[in-house]
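Numbering (this note's numbering), first residue to last: 111 to 496.
This is how it looks when you write it as structure tokens:
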């Protein structure tokens, strides 16, 4: 547990300091009439390398991580790729690295590098968010999730970058990236629909109340998921397209292993409370920035993410996966709120927001430490080095 505390808090603070140093250096440069700090600045490169090094050393920490590990080392030892239903892009990269003789840590380092580079590059013009990103990623639920659900985390970070293409109406480039994303995770076919979300007209004057009502309605409706049976009667073919046909048929057979009643505990309450703070302060956050259609789009995707997640909270984790494609947008919106509240010295809402987004890793480590069911615990930091 001491190793875990040291790695998570130490990495979060170090990457946050590097992000802060980069944003302050850029501010000084621009105050003197200079240009933005390049993306390949020493602070950003160092932060990325730290993230990759920590992720490469991580080992046997969750079921999905172990699954990817076993497929990779099995491919190296037997020459047989035992998971035929992985997407072609992901399979091609995995097979190529395995046959080239890469150590498994290099394999996981590659995917970690892809994650963090996509996210940091998406925020290259918004470096003031980098300190908050580092804190939220390592102390919130994101890093633990990303290390287990590797394919989904990569396309989740890619989508944050793709929001810029939506705002700039670069549909064909967006579609090309969507096809690349589909080769990593079939579920990304939904990106085609998400392209049109920021274009839906919403009254600015009523947007705060519309947002609050929508979130409350989804929480209430998600508490009584019986209506999903009607949805399942029509979703079969679409589930097959997304690669979820197997799970869909299990749902129809009432297999309780794949369905559950969610608990309204900290893991659900804290994101909800964060969202309510975001909704309340969003008009002020928007006014505090220069006209930014990207921020408006990120805000909409954050709302859609939370509405979707709460709508399916009492069903199964597999139904929540499509909504989690927008998880990265919610992360960015949380960082916008933290930055605004800190700058304006709104200490009470900032304290609530900080607690809701920095508590997770300590909470999960405490649970894993006092009720150890297995060494394959995603919260704990295990390393193959020692």
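Using N, Cα and C, we set each Cβ at its ideal position, and we do this for glycine too.
All figures in this text were calculated on a predicted structure; none of them were measured in a lab.
For residue i, the nearest candidate out of the options (CA to CA)
| i | options | result |
| --- | --- | --- |
| residue 375 | 466, 398, 163 | 466 |
| residue 250 | 442, 281, 420, 207 | 442 |
| residue 327 | 236, 410, 271, 421 | 421 |
| residue 185 | 137, 460, 210, 377 | 210 |
| residue 278 | 308, 291, 300 | 308 |
| residue 408 | 424, 440, 266 | 440 |
| residue 317 | 334, 280, 406, 254 | 406 |
| residue 196 | 393, 480, 145, 292 | 292 |
| residue 306 | 276, 127, 202, 320 | 276 |
| residue 402 | 236, 461, 469 | 236 |
| residue 425 | 332, 281, 123 | 332 |
| residue 256 | 478, 172, 322, 460 | 172 |
| residue 503 | 334, 310, 202 | Residue 503 lies beyond the residue range present for the chain, which begins at 111 and ends at 496; the question has no answer from this structure. |
| residue 393 | 410, 176, 381 | 410 |
| residue 495 | 213, 456, 458, 479 | 213 |
CB of residue i within 8 Å of CB of residue j, strictly
| i | j | result |
| --- | --- | --- |
| residue 223 | residue 233 | no |
| residue 493 | residue 168 | yes |
| residue 294 | residue 182 | no |
| residue 395 | residue 473 | no |
| residue 215 | residue 157 | no |
| residue 121 | residue 248 | yes |
| residue 429 | residue 297 | no |
| residue 384 | residue 463 | yes |
| residue 78 | residue 471 | An answer regarding residue 78 cannot be provided, because it is not within the stretch 111 to 496 covered by the chain. |
| residue 229 | residue 438 | yes |
| residue 491 | residue 178 | no |
| residue 404 | residue 266 | no |
| residue 243 | residue 129 | yes |
| residue 324 | residue 378 | no |
| residue 155 | residue 125 | no |
| residue 151 | residue 475 | no |
| residue 112 | residue 488 | no |
| residue 170 | residue 231 | no |
| residue 320 | residue 329 | no |
| residue 431 | residue 262 | yes |
| residue 301 | residue 281 | no |
Contacting residues, own chain, Cβ-Cβ under 8 Å from residue i (five flanking each side not counted)
| i | result |
| --- | --- |
| residue 174 | 258, 259, 260 |
| residue 131 | 153 |
| residue 366 | Model confidence at residue 366 stands at a pLDDT of 41, short of 50, so the residue's coordinates are unreliable; what they give is reported in the following sentence. Excluding sequence neighbours, residue 366 sits near nothing in its chain. |
| residue 207 | 182, 216, 217, 220 |
| residue 140 | 146 |
| residue 190 | 184 |
| residue 477 | 489 |
| residue 149 | 230, 231, 234 |
| residue 460 | 448, 451, 452 |
Chain-order list of residues whose beta-carbon lies under 6 Å from that of residue i (same chain, five-residue window excluded)
| i | result |
| --- | --- |
| residue 418 | 433 |
| residue 162 | 219, 222, 223 |
| residue 380 | 466 |
Own chain partners of residue i with C-beta closer than 7 Å, once the 5 adjacent residues on each side are dropped
| i | result |
| --- | --- |
| residue 221 | 260, 264 |
| residue 238 | 133, 449 |
| residue 198 | 293 |
| residue 468 | 245, 249, 250 |
| residue 164 | 117, 121 |
Which residues DSSP lists as bridging residue i, in chain order
| i | result |
| --- | --- |
| residue 168 | 493 |
Given 8 Å as the limit, is there contact between the stretch 408–426 and the stretch 449–458, that is, 3 or more CB pairs closer than that? With a cut-off of 8 Å, the stretch 449–458 and the stretch 408–426 do not count as touching, because too few Cβ pairs lie within range.
Evaluate the contact criterion for the stretch 376–392 versus the stretch 280–289: three or more CB pairs, one atom per stretch, below 8 Å. The stretch 376–392 is not in contact with the stretch 280–289.
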